[in-house]
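There are 2 protein chains.
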Amino acid sequence: MDILIKNGIVITMDKERRILKDFSISITDGIIEEIKPEIKGEADFVIDASRKIVMPGFVNTHTHLAMSLFRGVADDLPLMRWLQEEIWPMEKKLEANHVYAGALLGCLEMIKTGTTCFNDMYFYMDEVARSIEESGMRGVISYAMFDFGDESKADDILKEGGKSIKKYNVAGSRIKAVLGPHAPYTCSEKLLVKTAEMAKKHNTLIHIHVAETKEEVETSKKEKGKTPFEYLDNIGFLRDNVLASHSTWVTEKEIKILKKRNVKVAHNPTSNMKIGCGVAPIPEYIENGVLVSLGTDGAASNNSLDMFQEMKICALLHKINKRDASVVPAEKVLEFATINGARALGLDNEIGSVEVGKKADVILVDLDRPNLTPLTNPVSHLVYSARGCDVDTVIIDGKIVMEDRRVRTIDQPQVLNFAMEQARDLYQKTAKEDKLF
Amino acid sequence: MDILIKNGIVITMDKERRILKDFSISITDGIIEEIKPEIKGEADFVIDASRKIVMPGFVNTHTHLAMSLFRGVADDLPLMRWLQEEIWPMEKKLEANHVYAGALLGCLEMIKTGTTCFNDMYFYMDEVARSIEESGMRGVISYAMFDFGDESKADDILKEGGKSIKKYNVAGSRIKAVLGPHAPYTCSEKLLVKTAEMAKKHNTLIHIHVAETKEEVETSKKEKGKTPFEYLDNIGFLRDNVLASHSTWVTEKEIKILKKRNVKVAHNPTSNMKIGCGVAPIPEYIENGVLVSLGTDGAASNNSLDMFQEMKICALLHKINKRDASVVPAEKVLEFATINGARALGLDNEIGSVEVGKKADVILVDLDRPNLTPLTNPVSHLVYSARGCDVDTVIIDGKIVMEDRRVRTIDQPQVLNFAMEQARDLYQKTAKEDKLF
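Chains as they are written, first to last, in our numbering: chain A, 983 to 1419; chain B, 983 to 1419.
Right, dumping it as structure tokens:
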């Protein structure tokens, strides 16, 4: 065997949600081979997991990695001002190297906080793919498609969006390419319909922003006579391959549509709170059997990519919103961040839980910390007390990507310097140099 | 000089809120002596602060340190069930050693996340004082006084509460003892009035919980014909020495009373959210000139003591509550957590900012982290992107308490073991052993 993890507390996230005490795990050829109280045989690498939690790596189902370069440039602004005055002008000047630097930076932050798989929509996706390859992460990528209602552009854009599907969807790869029409308000009906057709043909996921703000819904009702999900359903867009991020402003009727079409939700509590745009009806999604997963969104609107923080904020938001401490309990939130993330990305046969036969995307959380003492409820500790920096080991696809908090695959000082250099270049090109301290 | 901090980014939190680039700081006999671009002379200890933020340590204005032993035992429960079924039965069995262990654990967690001063209300306060002495922290302590309306007990309880005032209030001490009547609904009018008199006589602070839940307000209106702050004002309790934690459910009229009496607020966003009890009107407090500070509350209802997390959650909560990204901006939140905390505790002549002549309660935040790259707005980075574990050095009262994340004053493994042992003892005595994993 390649790796033997000995005597850990294993939070499996399997169907029975078993938590195993003093169990060992063997990993061979990237796959979890055995989970037992004791495992015999020689391993190339042995990890002592006593006083450690062993769990599936987080699946971050909605992010824009390269926006890490915009971290902190424009906080405390409402969404439209934030987009129009700050983000879009910078995105217009974006070049491949900026995206490469931002994506590497994002991969580094994610590895260091226990995320092993992410779902990214942006531009220059070859660069994001490169950062996945180099960092050892697992990632789902989509080129952000917009035609702003101009149907004459739809074919070209879809062609661009479809390119990576052929290029990256190779068996055994850690990269999966999918389709990313940005949102119903930035894509023409033609682009949306053709995207749905292409997704069906290639059996691929569609990653889209829906119903993020109240204004979006109001505009949709005014222009299309329908709310965003009603509109998407009406044009035949909604199927079980659709992962809708945000999904904040929805009606009861739309929740039923999501359930009927088996659409998945990527919930982004921190971003929604920071931009002040709204609270997604997560308790209602749960009640109606709509699958909820968790994402950080980009670092420009979060401003971090730490899924531990996202879990805590998720639980807190819904408790205060409903004035009820019992809604969205820790167990549910941990599901959102692991197995539900895998299901949302159509990867639950491969990842999202620690089970024999699954790919070894596994993290270890060190319990020898004041914030995790005494050890009462491990699941509660993960959601309410742990932080990304409590992760000490990260294994992705059976490879040790981080050991004792040292990332093996990419060089931290080099990645940070490159990110700063590329941020400076981009800010100079946008006449926003004063944004750098 | 004792300590020389060289070439840091200094977030002063002085009156002009100056941020100084490449400045150095000298510390002698516990006091900040100079803040200049260059400082000459020999120092016993030199810290290279290039690529680091130098800032005042956090002041956590409302906590119950020893409740760290209850971390994770009873999550996702509403306040009254949480108190009646879980917390109170354990508190009944509480002994001195439990409090000592929990307080040491809390001090360790706070030091490791950059808090240098806290305001604690609980029982066995000699043990909390001991943990302050040993850990090197600065702390304000109060014995939690309750008589549950039985005025015959008021004198004895006040005597107990007043003991530590004589014992600990010695010039130059890091410990300050104040009065802690628990809440208007757990104290008789006699106890409250006599507390106010004693506080006046000894020129000391009063730390009290007010208007935490809607139920508390409803009961107050029913039983006393007044809302909690109206009632307290009516009995002459409210003065500029009152620090009211939570202050969640208040009317416009009460906000005016708080301003008129110069009462200070300790805001506890995470605890309020986790218990689902309500959103304090922080934008309204700011608008009306009521001083707002920040506290984590106890680890049983948070479940951590990390003030970085508290700052982020504070900003997010009010943005979503008002559906406005611009309310409670990063600069304000950083004030809550530093200089306003010092003002709330009557310590702003001594701590809360990095200024010449103030006591050296200073922390260093390492910027060489993926989550803090690129460096755009340092204040935004502190509030939205940094975590407690990004703090690498903690100086309290001019002594280096943590260096390169290693706490010098108390031994981490020993503190964690002692906390686990005492938690086990307490849980056994309460027949709650099954709560430990």
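Think of the CB as a built atom: it goes at the ideal place given N, C-alpha and C, for glycine as much as any other residue.
Neighbour-count burial assignment, residue i, 16 or more Cβ in a 10 Å radius
i	result
Trp1070(B)	exposed
Ser1032(B)	exposed
Glu1142(B)	exposed
Gln1396(A)	exposed
Gln1410(A)	exposed
Lys1242(B)	exposed
Ser1134(B)	exposed
Gly1207(B)	exposed
Asp1279(B)	buried
Ala1281(A)	buried
Arg1390(B)	exposed
Gln1291(B)	buried
Asp1215(B)	buried
Asn1331(B)	exposed
Gln1404(B)	buried
Phe1005(A)	buried
Met1127(B)	buried
Glu1073(B)	buried
Whole-angstrom C-beta distance between residue j and residue i, which should lie under 8 Å
i	j	result
Asp1343(B)	Thr1098(B)	4 Å
Glu1236(B)	Thr1209(B)	6 Å
Met995(A)	Pro1038(A)	5 Å
Ser1382(A)	Ile985(A)	Residue 1382(A) is actually Ile in this sequence, not Ser. Right, their Cβ atoms sit about 7 Å apart.
Gly1054(B)	Asn1285(B)	6 Å
Val1160(B)	His1189(B)	6 Å
Leu1408(A)	Leu1076(A)	7 Å
Leu1276(B)	Met1255(B)	Rounded, the Cβ-Cβ distance is 14 Å, inconsistent with contact.
Leu1346(B)	Asp1374(B)	6 Å
Ile1014(B)	Lys1340(B)	5 Å
Which residues DSSP lists as bridging residue i, in chain order
i	result
Val1028(A)	Leu986(A)
Tyr1213(A)	In DSSP, Tyr1213(A) forms no bridge with anything.
Ala1126(B)	Gly1162(B)
Phe1225(B)	The question names Phe, but residue 1225(B) is Leu in the sequence shown. Beta-bridge pairing links Leu1225(B) to His1189(B), Lys1246(B).
Asn1101(B)	Val1122(B)
Lys1018(A)	Ser1006(A)
Asp1348(A)	Lys1034(A)
Lys1341(A)	Ile1013(A)
Lys1381(B)	Ile1378(B)
Ile1321(A)	Looking at the DSSP assignment, Ile1321(A) forms no beta bridge with any residue, so it has no partner.
Arg1388(B)	Glu1385(B)
Val1274(A)	Val1247(A)
Ile991(A)	Ile1035(A)
Phe1040(B)	Thr1097(B)
Thr1045(A)	Asp1102(A)
Val1373(A)	Val1347(A)
Interface flag, residue i vs chain D, CB-CB below 9 Å
i	result
Ile1257(A)	As a matter of chain content, chain D is missing from the structure shown, whose protein chains are A and B.
Across the region 1118-1128 of chain A and the region 1304-1320 of chain A, are there enough close Cβ pairs to call them in contact, namely three or more that are closer than 8 Å? No, the region 1118-1128 of chain A does not touch the region 1304-1320 of chain A.
Under 8 Å, with one C-beta from each stretch per pair, do the region 1260-1268 of chain B and the region 1047-1057 of chain B reach the 3-pair mark? At 8 Å Cβ cutoff, the stretches do not touch.
So, do the region 1123-1133 of chain A and the region 1095-1110 of chain A have three or more beta carbon pairs nearer to each other than 8 Å? Enough Cβ pairs lie closer than 8 Å, so yes.
Using a Cβ-Cβ cut-off of less than 9 Å, list which residues of the region 1224-1255 of chain B approach chain A; keep chain order. So the close ones are Pro1251, Thr1252, Asn1254, Met1255.
Would you check if the region 1291-1305 of chain B and the region 1011-1021 of chain B touch, i.e. whether three or more CB-CB distances between them fall below 8 Å? Between the region 1011-1021 of chain B and the region 1291-1305 of chain B, the count of Cβ pairs shorter than 8 Å is below three; the stretches do not touch.
What residues in the region 1400-1412 of chain A bring their beta carbon closer than 8 Å to a beta carbon of chain B? Listed by position, the residues of the region 1400-1412 of chain A near chain B (Cβ gap below 8 Å) are Ala1401, Met1402, Ala1405, Arg1406.
Below 7 Å between beta carbons is the criterion; list the residues of the region 1339-1369 of chain B that meet it against any residue of chain A, in chain order. Within the region 1339-1369 of chain B, those residues whose Cβ lies closer than 7 Å to any Cβ of chain A are, in chain order, Asp1350, Pro1352, Asn1353, Thr1355, Pro1356, Leu1357, Thr1358, Asn1359, Pro1360, Ser1362, His1363, Tyr1366, Ser1367, Arg1369.
Please name the residues in the region 1054-1073 of chain B whose beta-carbon is closer than 8 Å to at least one beta-carbon of chain A, in chain order. Sequence-ordered contacts of the region 1054-1073 of chain B with chain A read Gly1054, Val1055, Asp1057, Asp1058, Leu1059, Pro1060, Leu1061, Trp1064 [C-beta pairs closer than 8 Å].
Please determine if the region 1319-1337 of chain B and the region 1227-1245 of chain B are in contact, where contact requires at least 3 C-beta pairs separated by less than 8 Å. The region 1319-1337 of chain B vs the region 1227-1245 of chain B: no contact.
Can you confirm whether the region 1213-1224 of chain A touches the region 1179-1191 of chain A when touching is taken to mean that 3 or more C-beta pairs between the two stretches lie within less than 8 Å? Yes, the region 1179-1191 of chain A is in contact with the region 1213-1224 of chain A.
Using Cβ-Cβ distances below 9 Å, what residues of the region 989-1018 of chain A are close to chain B? Those residues of the region 989-1018 of chain A that come within reach of chain B (Cβ to Cβ, closer than 9 Å) are Ile991, Ile1001, Lys1003.
Residues of the region 1080-1107 of chain A with Cβ closer than 7 Å to any Cβ of chain B, in chain order: The residues in question are Leu1087, Leu1090, Glu1091, Lys1094.
Okay, do the region 1164-1176 of chain A and the region 1191-1201 of chain A touch, 3+ Cβ pairs below 8 Å being the bar? Touching, per the Cβ criterion.
Residues within the region 1263-1286 of chain B neighbouring chain A, beta-carbon criterion of under 7 Å: Taking 7 Å as the Cβ-Cβ cut-off against chain A, the residues of the region 1263-1286 of chain B that qualify are Asn1285, Ser1286.
Of all the residues that make up the region 1301-1326 of chain A, which are near chain B by a beta-carbon distance shorter than 9 Å? Those residues of the region 1301-1326 of chain A placed with their C-beta closer than 9 Å to a C-beta in chain B are Lys1301, Ile1302, Asn1303, Lys1304, Arg1305, Asp1306, Ala1307, Ser1308, Val1309, Val1310, Pro1311, Ala1312, Glu1313, ordered along the chain.
Are three or more beta carbon pairs between the region 1072-1087 of chain A and the region 1105-1115 of chain A nearer than 8 Å? With the rule of 3 Cβ pairs closer than 8 Å, the region 1072-1087 of chain A counts as touching the region 1105-1115 of chain A.
Looking at chain A, which residues of the region 1155-1172 of chain B have a Cβ within less than 8 Å of any of its Cβ atoms? Of all residues in the region 1155-1172 of chain B, none has a Cβ within less than 8 Å of some Cβ in chain A.
Chain B contacts made by the region 1028-1049 of chain A, where a contact means CB separation under 9 Å: Under the 9 Å Cβ criterion, the region 1028-1049 of chain A contributes no residue.
Closer than 7 Å, Cβ to Cβ, to anything on chain A: give me those residues from the region 1122-1149 of chain B, in chain order. Under the 7 Å Cβ criterion, the region 1122-1149 of chain B contributes no residue.
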